[in-house]
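Asker: All residue numbers for the sequence shown refer to this note's numbering, where the first residue is 1 and numbers rise by one. C-beta atoms are modelled at their ideal positions from N, C-alpha and C, and glycine is treated no differently. In this text the structure is predicted, and so the values were computed from the model without any measurement.
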Amino acid sequence: MDRKEKIVVVLSIVATAAAALLHYAHANQVLAFVITAAALALLAMIVGDATEQLGSRMGPGATGILQSALGNLPELFVCIFALRAGLSMVVQAALIGSILGNSVLVLGLALLFGGLKNGTQRFNSEPPKMIATLMMLATAALVVPTLAQQLHTPAESHINSLDVFLAVVLLVLMAASIYFGVKGDPSVVAPSEHKGDAAWPLSLTILMLGASGLAAAFVSDWFVDALQPAMAALGISEAFAGLVVVAVAGNAIENLIGIQ
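1) Using only CA atoms, which one of E5, A217, Q228 and Q29 lies nearest to V50?
2) Output the distance between the C-alpha atoms of F123 and L170, rounded to the nearest integer angstrom.
3) What runs of the alpha helix (DSSP H), each 4 residues or longer, lie entirely inside the stretch 102-177?
4) Please determine if the stretch 1-19 and the stretch 29-38 are in contact, where contact requires at least 3 C-beta pairs separated by less than 8 Å.
5) Are the beta-carbon atoms of P229 and Q29 separated by less than 7 Å?
6) Helix, strand or coil, according to DSSP, for S56 in the structure here?
7) The alpha helix (DSSP H) with A232 in it runs from where to where?
8) Thinking C-alpha only, which one of G108, D163 and L173 is nearest L137?
9) What residues in its chain sit with their C-beta under 7 Å from that of V245, if we drop five residues either side in the sequence?
10) Kindly give me the distance between the Cβ atoms of V224 and A132, rounded to whole angstroms, as I take these residues to be in contact under 8 Å.
11) Are the Cβ atoms of A226 and A32 separated by less than 7 Å?
12) Determine the burial state of L40: buried for a count of at least 16 other Cβ atoms within 10 Å of its Cβ, exposed for fewer.
13) Since L243 contacts G97 with CB under 8 Å, what's their CB separation in whole angstroms?
14) Just the Cα atoms here: how many angstroms apart are N251 and N72?
15) In this structure, does DSSP put G86 in helix, strand or coil?
16) For the alpha helix (DSSP H) containing A199, name the first residue and the last one.
17) What's the gap between the Cα of A217 and the Cα of P74?
18) Quick one: Cα of T205 to Cα of G55, how far?
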């Protein structure tokens, strides 16, 4: 580990300990909300670093898959606990915030700063096409049940079954896209991939990934517990909390890495 990574680990330990103390002491909920959000962002950074170290042993394609799957662990935990608490609007807004943040803000900043630094940038067009198609399918999966309910169609009485069916379809599509993401388009002759040299030992990588993932689960639970009192105290809506706070806390570090 370099000095910066050690600092992040120490800060995440301190922030997680402070979040635990505030949660179990039933201290000021707004302060607990802020500290747990900071702890989530720091844990997301560690998850991202550990995922990158693990992916460097497998090549760029596998690294992208791992970063997409594991990099969203903190936000996934927040959404799970928010659903358990009945905060469905927070989860819906967080999904929209993540999509907008990644597809508009982060992409635009990455293209801007990448162009300023490297000039004209060239890349294989097939992966973006696949990702755009998957995003359209994911959007349709959100729109179809919503329209069925809002327009009071005959399918409204089967809305739960429709939700489950669409969720299964999306999971199957994601699994089917993994092979393409790792291997790439067979019709395109790609330059030979080279696997980066991992700076962390494999045992340390797995330890950091497991520990940060476990800590993220606990911190996410504390974050959701403090969310409702904090929303009431600060006068913010569930939609704003999901669209801005949850999306930023769960994706800030991942977005920064993408721009870098």
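Answerer: Quick answer:
1) As a first step, residue 50 is located in the sequence shown; it is residue number 50 there, counting from the start. The sequence as given places Ala at residue 50; Val does not occur at that position. Taking only the C-alpha atoms, the option nearest A50 is E5.
2) Within the sequence shown, residue 123 is the residue found at index 123, counting from 1. Within the sequence shown, residue 170 is the residue found at index 170, counting from 1. Approximately 27 Å between the Cα atoms of the pair.
3) 107-118 and 126-150
4) yes
5) Numbered from 1 along the sequence shown, position 229 holds the residue referred to as residue 229. Numbered from 1 along the sequence shown, position 29 holds the residue referred to as residue 29. Cβ atoms of P229 and Q29: closer than 7 Å.
6) The count along the sequence shown starts at 1 and reaches residue 56 at position 56. The answer is coil: DSSP assigns S56 none of H, G, I, E or B.
7) In the sequence shown, counting from the first residue as 1, residue 232 sits at position 232. Taken as a continuous stretch (DSSP letters only), the alpha helix (DSSP H) holding A232 covers L202 to L234.
8) Counted from its first residue, the sequence shown places residue 137 at position 137. Looking at the Cα atoms, L173 is the closest of the given residues.
9) On the sequence shown, position 245 is the one that residue 245 refers to. For V245, where only same-chain residues beyond five positions count, the Cβ hits under 7 Å are A37.
10) Along the sequence shown, read from residue 1 onward, the residue named residue 224 stands at position 224. Along the sequence shown, read from residue 1 onward, the residue named residue 132 stands at position 132. That pair is no contact at about 32 Å.
11) By one-based count along the sequence shown, residue 226 stands at place 226. By one-based count along the sequence shown, residue 32 stands at place 32. The answer is yes: Cβ separation under 7 Å.
12) Position 40 of the sequence shown holds residue 40. Buried: at least 16 other Cβ atoms inside 10 Å.
13) Sequence index remark: in the sequence shown, residue 243 carries index 243 (1-based). Sequence index remark: in the sequence shown, residue 97 carries index 97 (1-based). That pair is a contact at about 4 Å.
14) One-based indexing of the sequence shown puts residue 251 at position 251. One-based indexing of the sequence shown puts residue 72 at position 72. Each residue's Cα considered, the two are about 7 Å apart.
15) Along the sequence shown, one-based indexing puts residue 86 at 86. Looking at G86 - three-state DSSP - the assignment turns out to be coil, as it is neither helix nor strand.
16) If you number the sequence shown from 1, residue 199 lands on position 199. Per DSSP, A199 belongs to no alpha helix (DSSP H) and is neither H nor E.
17) Along the sequence shown, one-based indexing puts residue 217 at 217. Along the sequence shown, one-based indexing puts residue 74 at 74. Those two C-alpha atoms are separated by around 7 Å.
18) Against the sequence shown, residue 205 aligns to sequence position 205. Against the sequence shown, residue 55 aligns to sequence position 55. Approximately 10 Å, taken between the alpha carbons.
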